[in-house]
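Visitor:
Protein chains: 2
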Amino acid sequence: MAEQHLDDFEGVKAAMPDDEMLYDLAELYKIFGDTTRIKLLYILFEGEMCVQHMAELLGVSQSAVSHQLRILKGARLVRYRREGKTVYYSLADDHVRQIIECGTEHINE
Amino acid sequence: MAEQHLDDFEGVKAAMPDDEMLYDLAELYKIFGDTTRIKLLYILFEGEMCVQHMAELLGVSQSAVSHQLRILKGARLVRYRREGKTVYYSLADDHVRQIIECGTEHINE
DNA sequence: TGAACATATGAACAGTTATTCATACGTTTA
DNA sequence: TAAACGTATGAATAACTGTTCATATGTTCA
């Protein structure tokens with residue numbers, strides 16, 4: 067009885083973003099695909115915090131936190147400012163919050 | 067001159083979702099963190115399609131597509147219906163579109 | 001300048017993941 | 001029932017990822 071299914075390959079291809087964009091998108095989501103990074107972002111939802119404190123709060127090593135912050139920084143998801151020996155990290159913008167909320171909605175149903 | 071930074075660990079902890087939720091969230095994003103799966107989802111934005119055709123369209127093996135669809139199915143992101151030998155996949159709901167759009171916004175800036 | 005502290009980073013390792021190959025399962029039709 | 005076709009799946013492999021450890025970099029203060 068068949069509902070209508072796609073057979074117009076060209077149409078589908080035309081609607082699909084270019085490879086570079088798809089790659090970037092996957093890379094972005096990869097970043098959210100790790101609990102340590104998600105937790106770091108949740109911390110930063112509340113405000114800025116230094117590396118040491120984030121490590122303590124999450125119960126992971128300073129090195130691990132620093133490595134993950136590097137990735138978040140690379141994706142422009144977080145900012146940092148130095149104050150003496152200490153570096154304080156904060157969210158780069160409100161997009162992060164939106165993305166996380168988007169995913170949360172899917173979970174809660 | 068130091069802006070206000072977080073030092074109330076308890077407050078931050080209270081605002082953080084429980085570990086199970088954070089785990090689920092990361093698992094969800096992991097799924098979007100792969101170009102093959104993202105491409106499959108983009109195909110399904112246009113309508114339903116059978117496994118064979120998706121494989122051809124993306125230029126990957128039938129097996130690879132099937133493996134990835136299994137993951138998408140497991141996360142309830144796609145549905146399927148069987149029609150004879152053929153299985154047609156489609157999006158489970160509109161959340162997927164929202165999540166992808168959310169990420170896309172961050173990319174384009 | 002040297003010691004102490006906070007952070008960053010490279011290398012190594014263990015765990016995870018996507019693809020491929022071979023094959024099993026399910027359905028149709030001759 | 002047997003053959004043909006579409007799909008699913010287990011095992012194996014190569015590539016990738018997160019953490020740890022050791023150490024470098026950068027900053028402050030005595």
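If you're matching them up, the sequences are chains H and X in order.
Last residue of the first sequence: 175 in the working numbering, with the numbers rising by one and none dropped.
Last residue of the second sequence: 175 in the working numbering, with the numbers rising by one and none dropped.
All C-beta atoms in this analysis are idealised placements derived from N, C-alpha and C, irrespective of residue type, glycine included.
Assuming the contact rule is C-beta atoms closer than 8 Å, G113(H) and H71(X) should be a hit. Round their C-beta distance to whole Å, please.
Guide: Position 47 of the first sequence, counting from 1, holds the residue named residue 113(H). Position 5 of the second sequence, counting from 1, holds the residue named residue 71(X). Sure, about 6 Å apart at Cβ, within 8 Å.
Visitor: Checking 9 Å against the spacing of the C-beta atoms, do K96(H) and L123(X) come in under that value?
Guide: Along the first sequence, read from residue 1 onward, the residue named residue 96(H) stands at position 30. Along the second sequence, read from residue 1 onward, the residue named residue 123(X) stands at position 57. Their beta carbons are not under 9 Å apart, which means K96(H) does not touch L123(X) by this criterion.
Visitor: Under 9 Å between the Cβ atoms of M254(H) and I109(X)?
Guide: Since the displayed chain H opens at 67 and closes at 175, residue 254(H) lies outside it and no answer follows.
Visitor: Taking a Cβ distance cut-off of 9 Å, strictly less, list which residues of the stretch 159-170 of chain H are near chain X, in chain order.
Guide: D159, H161, V162, Q164, I165, I166, E167, C168, G169 and T170
Visitor: Who are the neighbours of I173(H) on chain X, taking C-beta pairs under 8 Å?
Guide: Position 107 of the first sequence, counted from the start, is the residue given in the question as residue 173(H). Chain X residues near I173(H): M87, D90, L91 and L94.
Visitor: From the beta carbon of H71(X), is the nearest beta carbon of chain H less than 9 Å away?
Guide: On the second sequence, residue 71(X) is found 5 positions in, with the first residue counted as 1. H71(X) counts as touching chain H.
Visitor: Could you tell me how far apart the beta carbons of H172(X) and L94(H) are, in whole angstroms, since I believe they sit closer than 8 Å?
Guide: Here residue 172(X) refers to the residue found at position 106 when the second sequence is read from its first residue. Here residue 94(H) refers to the residue found at position 28 when the first sequence is read from its first residue. 6 Å between Cβ atoms; contact.
Visitor: When you compare the CB of L123(H) with every CB in chain X, is at least one pair closer than 9 Å?
Guide: Looking up residue 123(H) in the first sequence gives position 57. L123(H) counts as touching chain X.
Visitor: May I have the straight-line CA-CA distance separating I137(H) from D73(H), to the nearest angstrom?
Guide: Numbered from its first residue, the first sequence carries residue 137(H) at position 71. Numbered from its first residue, the first sequence carries residue 73(H) at position 7. Near 40 Å, if we compare the C-alpha coordinates of D73(H) and I137(H).
Visitor: Would you call the CB atoms of K139(X) and R145(X) closer than 9 Å?
Guide: In the second sequence, residue 139(X) corresponds to position 73, counting from 1. In the second sequence, residue 145(X) corresponds to position 79, counting from 1. Contact flag set, yes.
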